[in-house]
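Below is one structure; the comments refer to it alone.
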DNA sequence: TGGTGTGAACAACTTCACAGCG
DNA sequence: CGCTGTGAAGTTGTTCACACCA
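Protein chains in written order, with this note's numbering: chain C, 1 to 213; chain E, 1 to 213.
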């Protein structure tokens, strides 16, 4: 993979994720080769956009033919870095946390959930899912450091979000995916992404309101 | 509210959601007025961006002073259309569906969850949360039509997603928020938003990989 | 004086159109 | 011939800088 010097649009990364997701679901035997047109139809992206997205990272296709399905999937996984095994933790074992802990996706996409944390004494010590035992929030820093956990997923209530963020950071976490509907603060060295379910709903409400007017 | 003719960037809507979220959490008594600079700090958005975002919809501030906190919150809610009571349903009562059913956010933001659907006979007829009873997937079309449900939230596995989408559409649904990691298809008349948790994780993996290289 | 509102400059992203090559 | 790869054109979104006004 030859990464070119250009800055890559964030939207491109998002789409690469869509592509690899679709390619993975495709029966590779029946579809050994795929064109940007066909892939674009499934992913609802224009063929030109797909080719441009891929061109940031190299030349993966064959002119006049298309892309080798299996090879393309592997290339994109390599680009995204989801062929590693990122040691991951989930902080906050409410319903959303449990949903993530049971989410098949992780196993297939290079994330290995090592541990989970919660503040509820009734949950601590019990098994959350797949052999993952719930530990006390107060162990976060120590555990993140010792187990060399790279990624922390925050699914706590708003009130606890900044506190557990700080603990993860103190333990030396590399990246955080935050589901709590508040923008937590992290030092420059830590990569942060906020997922805002609320803003998705607000956006939907806006679009529906527009249609009415 | 005077909506101007300009097309509004989607990113603007996303930010408005952030602003209103923050304003709602603010003690309005202690902060009757807020400037774009202060608001921007909390929301991690530039002051100019905030003023531009708001300017698409009208003039809400006072020069030399700032914005009336409470009034601004109300204005943005009006813009987004989250001061209505959108009749909403959740399809798929797994862990994620349960998380949403118990999510306080809905009550405060103009979404009223009326019903929930699942295919599991053991769940049908039981109470999911807050007086919401789980019904069979086969009732979707009839129920959506009779209860005039506007918004459907899909939290089923991938395999069921398109099928329940079609049922919602047949019932006359207005908008869909899809959490299943597949791009479902809807007619032009239905507003669709896909939330991709997987792509958020992929994006985080990408950013971490970049940092390493 | 101080913070808003906004046209104009700038930057980022997408689409187009076609050259290039199997 | 057909589909990729890619500069160039077009479009969309953000930042700047300052007029404006309580």
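Built from N, CA and C at the ideal position, the CB exists for glycine as well.
- In the DSSP secondary-structure assignment, residue 112 (chain E) is bridged to E:87.
- As computed with DSSP, residue 145 (chain E) is found in no beta bridge at all.
- Taking the Cα positions, residue 87 (chain E) is about 18 Å away from residue 179 (chain E).
- For residue 111 (chain C), the nearest CB of chain E lies under 8 Å from its own CB, placing it at the interface with that chain.
- The stretch 157-165 of chain C and the stretch 186-201 of chain E do not touch, with fewer than three beta-carbon pairs separated by less than 8 Å.
- Per the coordinates, the alpha-carbon of residue 55 (chain E) lies some 12 Å from the alpha-carbon of residue 76 (chain E).
- About 7 Å separates the beta carbon of residue 17 (chain E) from that of residue 203 (chain C), a gap short enough to meet the 8 Å contact definition.
- With distances taken between CA atoms, residue 42 (chain C) lies nearest to C:22 out of C:138, C:91 and C:22.
- In the three-state scheme derived from DSSP, where H, G and I count as helix and E and B as strand, residue 42 (chain C) is classed as helix.
- Below the 9 Å Cβ cutoff, chain C contributes 99 and 102 as neighbours of residue 94 (chain E), in chain order.
- Straight through space, the alpha carbons of residue 175 (chain E) and residue 143 (chain E) are spaced by roughly 15 Å.
- Under a 10 Å Cβ-count criterion, residue 10 (chain C) is classified as exposed, with fewer than 16 other Cβ atoms of the shown protein chains found around its own Cβ.
- With contacts defined by Cβ atoms closer than 8 Å, residue 101 (chain E) and residue 128 (chain E) form a contacting pair.
- The straight-line gap separating the alpha-carbon atoms of residue 169 (chain C) and residue 51 (chain E) is approximately 33 Å.
- For residue 17 (chain E), the chain C residues whose C-beta falls within less than 8 Å of its own C-beta are 196, 198, 199, 202 and 203, listed in chain order.
- The beta carbons of residue 91 (chain E) and residue 155 (chain E) sit closer together than 8 Å.
- DSSP links residue 135 (chain E) through a beta bridge to E:117.
- Between the beta-carbon of residue 151 (chain E) and that of residue 111 (chain E) there is about 7 Å, and that keeps the pair under the 8 Å contact cut.
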